[in-house]
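Our numbering numbers the first residue of the sequence shown as 9 and each following residue consecutively. Glycine included, C-beta positions come from ideal geometry on N, C-alpha and C.
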Amino acid sequence: MSVLPFSFVALLRTVAVGAAFACLLGASAPVAGARTLSTPPDRGDLAAGYTRFDRLVASLPNDPLVRERASRCFDGLTSDFFAGRYDAALAELARTYGELRRLNEDGQEEQQFLFGRRYEISPRAIVAGAPAEIRIESVELSRMQRGDPPRRFVAVAGSTEHDVAFADEVTLTLLAIDGAATIEIFAEFPLSGRESVGRVAVLEAPLEEIASRYAERLAALQSSGSLDGSSLASLRARIGLLTPVADRTRSASLLADLSSLVPAIGEELKAAEAGMRPYRRDGDLWRIYKALGTELPTRQFIPEGDGPFPLVIALHGAGGDENMFFEGYGAGVLRKFAAGQGAAVVCPPTIPFGVSPNLLDAFIDEVALDAPIDRGRVVLLGHSLGGVTASRLSVLKPERIAGVVCIAGFSDLPRTGIPAPRKVYLGALDPLFPLESTTRSIEAARLRGESIEVEVLDREGHTLVVGPVIPHALEWLLARPARQIEIAHPIASEPSTSPMKTDGPAPAPKDASPSSGPMK
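Structure, rendered in structure tokens:
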């Protein structure tokens with residue numbers, strides 16, 4: 009991979025300031041002068057707070073004043089985050105969350121407690137058919153207000169509930185649960201009601217034993233040379249999620265639903281052992297694509313049917329990752345809307361495509377090996393840095409792209425050919441891509457004859473604007489005329505030493521609903 013061009017480095021430095029909560033930032037050192045408590049907020053705490061807030065905003069009636077209040081709060085947290093004042097940002101987020109829910113003062117105190125705690129639940133998985141104990145530890149985040157605690161924890165398994173009075177450390181004793189399942193853990197507050205704080209999987213065997221068996225089967229497949237690079241990397245990464253403790257620096261680990269992930273990997277291994285491509289399947293999936301030697305963690309949704317489907321490549325903002333469009337940005341509305349439109353969606357990491365634009369060709373080729381996509385209807389959707397990157401790719405790779413939508417982000421790159429058609433959505437309240445300067449850049453591109461539509465949303469800011477824009481953006485993208493694509497080298501990655509059969513899909517579980525849910 010080439011060294012980052014200077015202009016892209018500058019863009020990264022500029023747009024990184026706008027990542028804010030939606031970035032799902034990594035862990036940080038404790039704030040100087042913090043009183044000695046439990047622990048400072050980390051990536052998982054920020055992701056949990058952002059996701060909870062984003063889903064609330066997405067569920068509220070479309071009141072312009074409410075949306076303006078939420079956007080100003082959210083975008084205003086940027087300085088706190090990048091100054092390391094995560095406690096202050098979380099406290100403000102909790103306060104605004106309570107206001108948006110129209111909670112009274114006591115209810116808002118409950119939200120301060122909810123946002124100011126990390127709930128550590130162990131073990132991640134228990135064995136079906138045997139009694140089990142679940143330990144719940146409520147860890148205070150440093151310098152956060154204590155607030156009012158819940159009255160109890162409740163474990164829900166199907167129609168069965170088990171509860172225990174709240175304490176900082178509690179143990180729930182469960183009777184035997186038959187068959188694979190997921191136990192949802194809730195904190196129940198007097199005024200706010202139940203708030204989900206975690207889950208425990210119920211498996212047919214101990215998690216460590218299952219992971220060990222799967223690793224042995226993968227080693228045998230690797231030795232046989234029958235797996236292509238993307239399938240091998242995907243199996244290795246997905247088996248790597250089967251750990252006793254989640255990796256709090258990786259959203260894929262935090263989001264993994266072990267009760268569905270474990271059987272899914274079993275079916276993928278079975279398909280690979282039968283000589284089939286293990287990821288030729290529909291539904292919601294987290295996997296790895298290997299293109300030009302780069303491993304790209306990707307969250308994707310492939311519709312049911314034979315296709316060919318238009319392909320939406322969604323690029324997240326600075327500091328985000330491959331799960332942003334499925335778990336945030338309007339409570340994952342992109343997945344739901346794409347399912348209704350019969351479009352395939354893939355969400356890879358953004359930065360590699362800014363570093364190496366040629367990666368786009370290889371990535372599309374890799375996706376096409378497992379999904380029936382229409383190569384003439386590949387479109388890009390990007391937010392913030394993702395919008396900057398998508399705009400640049402529309403100029404650098406116009407022959408591969410039918411259309412581009414940029415949300416709260418744009419780059420005026422002098423063209424070398426005829427860029428793909430672009431539409432730009434801008435929030436009038438955006439403090440990170442100010443309307444006046446961004447509009448000047450767009451006008452400069454228009455003067456060169458480039459086709460760019462612009463829509464300004466009066467009461468929207470930088471991040472929360474994405475959710476309500478996505479349905480309109482996707483409609484616009486899918487209405488673009490198809491490109492005439494000539495493919496000289498349809499497979500850009502390294503070939504396997506023993507080509508796999510491609511005469512059928514892997515017998516993997518299907519998603520039952522197009523709505524957003526736990527990652528499999």
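The Cβ atoms of His391 and Thr358 do not sit closer than 7 Å to each other.
If you check the CB distance, Leu434 and Val403 do not come in under 7 Å. Per DSSP, the beta-bridge partners of Ser146 are Tyr127.
When the five nearest sequence neighbours on each side are left out, the beta carbons in the same chain lying within less than 7 Å of the beta carbon of Gly350 are those of Pro311 and Phe317, in order along the chain.
Ala99 and Arg51 have their C-alpha atoms spaced approximately 16 Å apart. Around the C-beta of Ser220, fewer than 16 other C-beta atoms lie within 10 Å, and the residue is accordingly described as exposed.
Taken atom to atom, the span from the alpha-carbon of Val396 to that of Glu196 is near 43 Å.
Nearest C-alpha to Ala173 among Ala184, Pro198 and Asp114: Pro198. Leu183 counts as exposed, since fewer than 16 other beta carbons sit within 10 angstroms of its beta carbon.
Pro252 is positioned such that its CB atom lies no closer than 7 Å to that of Gly315. Annotation: Glu212 to Val205 spans about 24 Å, alpha carbon to alpha carbon.
One alpha carbon belongs to Val386, the other to Leu250, and they sit about 34 Å apart.
Rounded to whole angstroms, the gap between the alpha carbons of Gln492 and Ala481 is 22 Å. Contact annotation: the region 79-89 does not touch the region 132-149, with fewer than three C-beta pairs closer than 8 Å. With a cutoff of 7 Å on beta-carbon distance, Leu485 and Gly417 are scored as not near each other.
If you look at His391, you'll find it in the beta strand (DSSP E) that goes Ile381 to His391. Take the alpha-carbon of Asp292 and the one of Pro271: they are about 15 Å apart. In this structure, the beta-carbon distance from Thr471 to Phe82 falls below 7 Å. A contact is defined here as three or more CB-CB pairs under 8 Å, and the region 357-374 fails this definition with respect to the region 335-345. Take Ala96, set aside five residues on each side of it, and the residues of its chain with a beta-carbon closer than 7 Å to its own are Asp88, in chain order.
Pro214 and Ala487 have their alpha carbons spaced roughly 49 Å apart. Per DSSP, the unbroken alpha helix (DSSP H) holding Lys344 starts and ends at Val341 to Gln349. In the displayed model, Glu113 falls within a helix according to three-state DSSP.
When beta bridges are read from the DSSP output, Gly206 appears opposite Ile193. Membership of Ala173 in the beta strand (DSSP E) is indicated by the continuous run Thr168 to Ala173. Look at Ile493 here: in three-state DSSP terms it is coil, with no helix or strand label. Here Arg160 is not near Ser146, since their CB atoms are 7 Å or more apart.
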